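**Q** Attaching a single structure in structure tokens format; questions to follow.
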Amino acid sequence: MSTVKVAINGFGRIGRLVFRQIYNMEGIEVVAINDLTSPKVLAHLLKYDSAQGRFDANVTYSDNSITVNGEEVKIYAQKNPAEIGWKQHNVDVVLECTGFFTDKEKAEAHLTAGAKRVVISAPATGDLKTIVFNVNHNILDGSETVISCASCTTNCLAPMAQVLDEKFGIVAGTMTTIHAYTNDQNTQDAPHPKGDLRRARAAAQNIVPNSTGAAKAIGLVLPSLKGKLDGSAQRVPTLTGSLTELVTVLGKKVTAEEINEAMKAAANESFGYTEDEIVSSDIIGISYGSLYDGTQTKVISAGDVQLVKTVSWYDNEMSYVSQLVRTVKYFAGLISK
Numbered sequence: 001m002s003t004v005k006v007a008i009n010g011f012g013r014i015g016r017l018v019f020r021q022i023y024n025m026e027g028i029e030v031v032a033i034n035d036l037t038s039p040k041v042l043a044h045l046l047k048y049d050s051a052q053g054r055f056d057a058n059v060t061y062s063d064n065s066i067t068v069n070g071e072e073v074k075i076y077a078q079k080n081p082a083e084i085g086w087k088q089h090n091v092d093v094v095l096e097c098t099g100f101f102t103d104k105e106k107a108e109a110h111l112t113a114g115a116k117r118v119v120i121s122a123p124a125t126g127d128l129k130t131i132v133f134n135v136n137h138n139i140l141d142g143s144e145t146v147i148s149c150a151s152c153t154t155n156c157l158a159p160m161a162q163v164l165d166e167k168f169g170i171v172a173g174t175m176t177t178i179h180a181y182t183n184d185q186n187t188q189d190a191p192h193p194k195g196d197l198r199r200a201r202a203a204a205q206n207i208v209p210n211s212t213g214a215a216k217a218i219g220l221v222l223p224s225l226k227g228k229l230d231g232s233a234q235r236v237p238t239l240t241g242s243l244t245e246l247v248t249v250l251g252k253k254v255t256a257e258e259i260n261e262a263m264k265a266a267a268n269e270s271f272g273y274t275e276d277e278i279v280s281s282d283i284i285g286i287s288y289g290s291l292y293d294g295t296q297t298k299v300i301s302a303g304d305v306q307l308v309k310t311v312s313w314y315d316n317e318m319s320y321v322s323q324l325v326r327t328v329k330y331f332a333g334l335i336s337k
């Protein structure tokens with residue numbers, strides 16, 4: 001297949017890290033970007049990154065582009081996706097990373113602009129498929145025009161939950177993500193734009209309870225788990241690096257060793273396994289969407305009932321970006337089939 005041509009709408013945390021990852025890959029390239037911020041600022045934030053470190057490339061800018069190691073990338077600044085010049089770049093896939101066009105109908109504006117396919121980097125609404133790569137990407141058949149890659153937390157949870165359900169059967173469960181703070185929280189106590197009293201508090205000073213749709217969204221990825229899981233988030237004062245705890249009641253009695261063996265056997269490029277005694281900074285920059293931690297598996301028995309706790313790490317930035325890029329490459333490969 002020829003080189004996959006990708007465009008990015010929204011050059012924020014995810015958009016910039018997608019660019020970094022794709023830049024070092026063969027067979028795929030970013031040909032255009034749309035963002036309302038000036039190229040000067042975009043170039044600076046691409047080059048310097050507090051969480052992921054400096055981008056090892058020469059980055060410059062002009063009034064309507066950024067240039068990386070001599071390769072110029074066009075920058076658009078259109079509010080309406082239908083008016084972006086994707087057609088002249090022969091874009092195969094647009095990565096919709098703004099967080100604003102998460103409904104299928106709204107995301108289809110990119111198709112009007114000339115793109116062949118759209119991947120939404122967030123949970124989405126409408127009649128579309130939600131994909132976690134190496135969990136359910138095989139449901140794609142090439143007829144789809146817009147898909148969602150769910151959330152970073154769903155990408156962490158899904159492979160762990162899939163193994164438990166397929167091997168032992170999940171009866172019910174609850175998950176908690178211990179999640180690094182994000183830019184939808186305030187850095188100092190102040191009114192929150194959405195009126196959230198907890199996200200109004202200083203992100204780097206507090207553990208901030210928050211909601212997550214990851215547990216309920218799991219049913220979109222693994223239909224057998226629809227309605228069986230619920231959960232919440234605890235935002236903590238780390239810049240990136242998160243984990244998901246899943247507590248379940250299973251249909252079979254198990255041991256921690258049996259669970260670990262099942263997780264280890266299921267490991268792949270998206271789902272890693274470790275028994276190293278790591279902490280959150282150790283997983284910054286990993287390419288696994290989910291890194292299972294065998295040292296934290298717990299099984300508690302009370303009569304005929306068992307509670308099982310399983311834990312998986314994820315870099316809520318680069319883990320998710322890696323899954324996005326895998327999905328984009330696979331999805332683009334279906335276009336000509």
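Numbering (full-length UniProt numbering), first residue to last: 1 to 337. Glycine included, each C-beta is placed from N, C-alpha and C at the ideal position. For clarity, every value in this text was computed on a predicted model and none was experimentally measured.
1) For the 8 Å Cβ check, are there 3 or more pairs between the segment 231-242 and the segment 299-306?
2) Output the distance between the C-alpha atoms of residue 260 and residue 297, rounded to the nearest integer angstrom.
3) Taking 7 Å as the limit between beta carbons, can you name the residues of its chain near residue 252, skipping five residues before and five after?
4) When we look at the beta-carbon of residue 293 and count the other beta-carbons within 10 Å, is it buried (16 or more) or exposed?
5) Check whether the segment 84-93 touches the segment 23-39, taking contact to mean three or more Cβ pairs, one atom from each stretch, closer than 8 Å.
6) For residue 72 and residue 257, I'd like the C-alpha separation in whole angstroms.
7) When the Cα atoms are used, what is the spatial distance from residue 281 to residue 67?
8) Using beta-carbon positions only, say whether residue 9 and residue 97 come within less than 8 Å of one another.
9) What is the DSSP secondary structure of residue 195, reduced to helix, strand or coil?
10) Would you call the segment 87-96 and the segment 327-336 touching, i.e. three or more CB-CB distances under 8 Å?
11) Tell me whether residue 226 sits in a helix, a strand or coil according to DSSP, three-state version.
12) Straight-line CA distance for residue 341 to residue 181?
13) Sorted by chain position, which residues of the same chain lie with C-beta nearer than 8 Å to residue 211's C-beta, five sequence neighbours on each side aside?
14) Is there a Cβ from chain D that is less than 8 Å from the Cβ of residue 320?
15) Can you name, in chain order, every residue of its own chain whose Cβ lies under 8 Å from the Cβ of residue 254, other than the five neighbours on each side?
16) Using a threshold of 8 Å, state whether the C-beta atoms of residue 218 and residue 158 are closer than that.
17) What are the start and end residues of the beta strand (DSSP E) that includes residue 110?
18) Mind pulling the beta strand (DSSP E) runs of 3 or more residues that sit fully within the segment 153-193?
19) Which residue wins for smallest C-alpha separation from residue 166, given the options 318, 125, 101 and 265?
20) Where residue 247 and residue 311 are concerned, what is the direct C-alpha to C-alpha distance, given to the nearest angstrom?
21) In the segment 4-64, which residue ranges form an unbroken alpha helix (DSSP H) of at least 4 residues, counting only runs that do not cross its ends?
22) What span of residues does the alpha helix (DSSP H) with residue 324 cover, start to end?
23) Using the DSSP secondary-structure output, state which residues sit across from residue 292 in a beta bridge.
24) Reducing DSSP to helix, strand and coil, say where residue 66 ends up.
25) Kindly provide the ranges of any beta strand (DSSP E) runs that are 3 or more residues long and lie completely inside the segment 78-130, ordered along the chain.
26) Counting along the chain, where does the alpha helix (DSSP H) carrying residue 216 start and finish?
27) Confirm, please, whether the CB-CB distance from residue 55 to residue 42 is below 8 Å.
28) Reducing DSSP to helix, strand and coil, say where residue 206 ends up.
29) Whole angstroms are fine: how far does the CA of residue 16 sit from the CA of residue 37?
**A** Taking the geometry as given:
1) Segments in contact, no.
2) The residue you call residue 260 lines up with position 260 of the sequence shown. The residue you call residue 297 lines up with position 297 of the sequence shown. Taking the straight line from one Cα to the other gives about 7 Å.
3) If you number the sequence shown from 1, residue 252 lands on position 252. So the list reads 168 and 169, once near-sequence residues are dropped.
4) Position 293 of the sequence shown, counting from 1, holds the residue named residue 293. With a threshold of 16 other beta carbon atoms within 10 Å, residue 293 meets it and is buried.
5) Below 8 Å, enough C-beta pairs join the segment 84-93 and the segment 23-39 to call them touching: three or more.
6) Taking the first residue of the sequence shown as position 1, residue 72 is located at position 72. Taking the first residue of the sequence shown as position 1, residue 257 is located at position 257. Taking the straight line joining both Cα atoms gives about 52 Å.
7) Walking along the sequence shown from the start, residue 281 turns up at place 281. Walking along the sequence shown from the start, residue 67 turns up at place 67. For residue 281 and residue 67, the distance between alpha carbons rounds to 31 Å.
8) Numbered from 1 along the sequence shown, position 9 holds the residue referred to as residue 9. Numbered from 1 along the sequence shown, position 97 holds the residue referred to as residue 97. Going by C-beta atoms, residue 9 is nearer than 8 Å to residue 97.
9) As a working mapping, residue 195 is identified with position 195 in the sequence shown. If DSSP states are grouped into helix, strand and coil, residue 195 belongs with coil.
10) Output reads yes: the segment 327-336 touches the segment 87-96.
11) Locating residue 226 in the sequence shown gives position 226, where the first residue counts as 1. For residue 226, the secondary structure class from DSSP, reduced to helix, strand or coil, is coil.
12) Past the edges of the chain, shown from 1 to 337, lies residue 341, and the structure says nothing about it.
13) Residue mapping note: residue 211 aligns to position 211 of the sequence shown, counting from 1. Excluding residues within five positions, the ones whose Cβ falls inside 8 Å are 232 and 233.
14) Checking the listed chains, one finds no chain D in this structure; it contains a single protein chain.
15) Taking the sequence shown and counting its residues from 1, one reaches residue 254 at position 254. Excluding residues within five positions, the ones whose Cβ falls inside 8 Å are 168, 299, 306 and 308.
16) Counted from its first residue, the sequence shown places residue 218 at position 218. Counted from its first residue, the sequence shown places residue 158 at position 158. Cβ distance < 8 Å, so residue 218 and residue 158 count as in contact.
17) Along the sequence shown, one-based indexing puts residue 110 at 110. First-last for residue 110: 109-112, but that is the alpha helix (DSSP H), not the beta strand (DSSP E).
18) Entirely contained in the segment 153-193, the beta strand (DSSP E) runs reaching 3 residues are, in chain order, 170-180.
19) As a position in the sequence shown, residue 166 is number 166, starting the count at 1. Ranked by Cα distance from residue 166, the first of 318, 125, 101 and 265 is 265.
20) As a working mapping, residue 247 is identified with position 247 in the sequence shown. As a working mapping, residue 311 is identified with position 311 in the sequence shown. Taking the Cα positions, residue 247 is about 9 Å away from residue 311.
21) Annotation: the segment 4-64 contains the following complete segments of the alpha helix (DSSP H) (minimum length 4 residues), in chain order: 13-23 and 39-47.
22) Numbered from its first residue, the sequence shown carries residue 324 at position 324. DSSP places residue 324 in the uninterrupted alpha helix (DSSP H) bounded by 318-333.
23) If you number the sequence shown from 1, residue 292 lands on position 292. Partner residues in the beta bridge of residue 292, as assigned by DSSP, are 273 and 312.
24) Taking the first residue of the sequence shown as 1, we reach residue 66 at position 66. The answer is strand: DSSP assigns residue 66 an E or B state.
25) Taking only runs of at least 3 residues, the beta strand (DSSP E) segments lying wholly in the segment 78-130 are 93-96 and 117-120.
26) Translated into the one-based positions of the sequence shown, residue 216 becomes position 216. Judged by DSSP secondary structure, residue 216 falls within the alpha helix (DSSP H) whose first and last residues are 214-221.
27) The residue you call residue 42 lines up with position 42 of the sequence shown. The residue you call residue 55 lines up with position 55 of the sequence shown. Between residue 42 and residue 55, the C-beta spacing is not below 8 Å.
28) The residue labelled residue 206 in the question sits at position 206 within the sequence shown. It is coil, neither helix nor strand.
29) As a working note, residue 37 is residue 37 in the sequence shown. As a working note, residue 16 is residue 16 in the sequence shown. Each residue's Cα considered, the two are about 13 Å apart.
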